[in-house]
Amino acid sequence: MKYKVGVIAGDGIGPEVVAEAKKVLNRIGEVFGHEFCYEEILMGGCSIDATGVPLTEEAIAAAKVSDAVLMGSIGGDAKTSPWYQLPPELRPEAGLLKLRKSLKLFANLRPAYLYKELKSACPLREDIANAGFDMMIMRELTGGLYFGERKTEELDGVMTAVDTLVYNENEIYRIAKRGFDIAMKRKKKVTSVDKANVLDSSRLWRKVVEKVAKDYPEVACEHMLVDNCAMQLVRNPAQFDVILTENMFGDILSDEASMITGSIGMLPSASLNDTKFGLYEPSGGSAPDIAGKGIANPIATILSAAMMLRYSFDLDKEAEVVEAAVKKVLTDGYRTEDIAPQIVCSNNGIEIVGTAKMGDLVCENIR
Ligand code: NAD
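By numbering that gives the first Met the number 0, the letter at position 98 of the sequence shown is numbered 97, and the numbering carries on one by one without gaps.
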């Protein structure tokens with residue numbers, strides 16, 4: 000099959016890590032007989048430098064005609080980069096917000112997986128880390144508190160701020176359906192997280208999730224209050240498969256989940272709309288502190304490409320092969336600096352490699 004992939008290399012380490020993910024996709028193409036064609040799309044600081052704006056209409060059009068978009072990261076050092084002297088709507092991040100909106104991306108997926116080889120980076124108690132975890136946080140991306148009406152005004156001489164949390168049943172339905180679809184490709188369990196003991200929006204959330212669950216009899220569905228979920232993530236993360244939740248709860252819980260893996264350079268993400276289209280990117284940023292040094296960890300971007308294979312192209316087998324190749328490279332002792340143990344010596348079997356070498360090693364393990 001032939002797939003058209005929009006590529007937003009972006010800023011900082013973006014172009015370095017995206018190059019490795021493309022290498023891996025090309026290797027998958029060779030082994031499985033697929034063809035990936037790439038359309039380079041400008042977004043972020045590099046687009047500001049070239050066009051004066053972080054995202055042009057042509058760039059949006061190019062993304063829309065792609066089957067999926069693979070992205071590195073955008074942005075620079077807020078203290079030193081001239082991009083941050085611009086008004087907020089012209090800064091690099093504004094490009095990403097505009098793209099997400101234009102592509103109607105409403106579902107954000109962030110897996111949190113603990114590789115046994117990287118257990119020592121996990122900040123949890125040893126017995127909990129030993130049990131491992133493999134979960135997917137599914138966060139609604141376009142509604143809730145972040146998009147509700149807000150205002151700050153003086154009422155009776157006191158400054159008062161209001162934010163509103165709105166969800167309608169259609170918004171809840173489409174994300175819930177996506178969550179159950181994803182669970183069908185995993186361990187078939189959905190934990191829907193809300194605050195139904197207090198919030199009306201959560202009570203509606205729960206009702207709609209219950210309704211969707213009836214269409215997926217193979218998937219176990221449970222409800223959990225968000226405060227309990229925050230605790231359970233550090234107490235017993237192994238219990239989770241898909242965590243399905245609204246925008247702000249998902250924002251907070253997905254950061255908590257990424258922290259317990261101990262390594263931001265390993266974490267992919269995807270944002271999906273109601274077609275097969277998705278935007279796939281590492282969870283971390285453009286890491287200006289290490290850009291251009293050839294030491295960035297490309298694994299999060301490579302695993303984002305694996306998510307693209309699975310969720311946009313339905314190439315589950317190919318995605319598994321990429322994930323297994325990443326595991327094998329770690330088992331063989333190869334590490335980029337960010338995931339290396341503090342002490343590296345010849346007898347602990349660890350070798351530190353750069354960005355390009357890590358990409359090559361993953362490719363070598365795709366057979
Ligand atoms: P960051 O994630 O870029 O960096 C935080 C730390 O993690 C740094 O020490 C960095 O070196 C390290 N790191 C991140 N990714 C790594 C990788 N793949 N390999 C090795 N080390 C890695 O976060 P920040 O410093 O807060 O942000 C830098 C810029 O990135 C800002 O302009 C921010 O707005 C932008 N950003 C962009 C995105 C995106 O493109 N979606 C997301 C987050 C931040």
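Beta carbons: idealized from backbone N, C-alpha and C, even for Gly.
Asked	Found
Helix, strand or coil at Cys36 [DSSP, three-state]	strand
Distance between Ala305 and Glu221 (C-alpha atoms, nearest Å)	28 Å
From Asn296, Glu363 and Ser311, residue whose alpha carbon lies closest to that of Ile338	Asn296
Cβ-based neighbour list, Ile365, same chain, cut-off 8 Å, excluding 5 preceding and 5 following	Val23, Arg26, Ile27, Val30, Val320, Val321 and Ala324
Chain-order list of residues whose beta-carbon lies under 8 Å from that of Pro122 (same chain, five-residue window excluded)	Met258, Ile259 and Gly261
Residue environment, Ile136, which counts as buried when at least 16 other CB atoms sit within 10 Å	buried
DSSP-derived helix/strand/coil call for Tyr279	strand
Three-way DSSP call (helix, strand, coil) for Thr330 in this model	helix
Short Cβ contact (8 Å threshold) for Met134 with Leu98	no
Environment of Ile342 [buried if 16+ CB atoms lie within 10 Å]	exposed
Among Lys206, Ala130, Ser191 and Gly284, nearest to Glu224 - alpha-carbon criterion	Looking at the sequence shown, residue 224 is not Glu but Leu. Cα-wise, what sits closest to Leu224 is Ser191.
Simplified DSSP assignment, three categories, for Asn364	coil
Separation of Ala212 from Arg234, as counted between CA atoms	26 Å
Cβ shell of Trp82 (< 7 Å), same chain only, five flanking positions each side left out	Gly44, Ile47, Gly75, Arg90 and Pro91
Residues near Phe132 by beta carbon distance below 6 Å, same chain, minus five either side	Leu113, Pro236 and Ala237
Enclosing alpha helix (DSSP H) for Gly178 [first to last residue]	Glu168 to Met183
Straight-line gap, Ala77 to Pro287 (C-alpha atoms, nearest Å)	10 Å
Buried versus exposed call for Asp66 [16 or more other C-beta atoms within 10 Å across all chains shown]	buried
Neighbourhood of Val161 by C-beta, 7 Å cutoff - its chain only, sequence neighbours within 5 removed	Arg149 and Lys150
Collapsed DSSP secondary structure at Cys220 in the structure displayed	strand
Own chain partners of Ile263 with C-beta closer than 7 Å, once the 5 adjacent residues on each side are dropped	Ser257, Ser282 and Gly283
Residue of Arg124, Asp126 and Arg138 minimising C-alpha distance to Asn107	Arg138
beta-carbon Asp313 near the ligand NAD non-hydrogen atom, thresh 7 Å	no
CB of Tyr279 within 8 Å of CB of Leu95, strictly	no
Separation of Ala219 from Leu140, as counted between CA atoms	24 Å
Delimiting residues of the alpha helix (DSSP H) encompassing Asp226	Val225 to Arg234
Top-ranked residue by Cα proximity to Pro14, from Asp180, Ile301, Ala175 and Gly71	Gly71
Member of Val207, Ala60 and Gly249 whose CA lies at the smallest distance from the CA of Tyr145	Gly249
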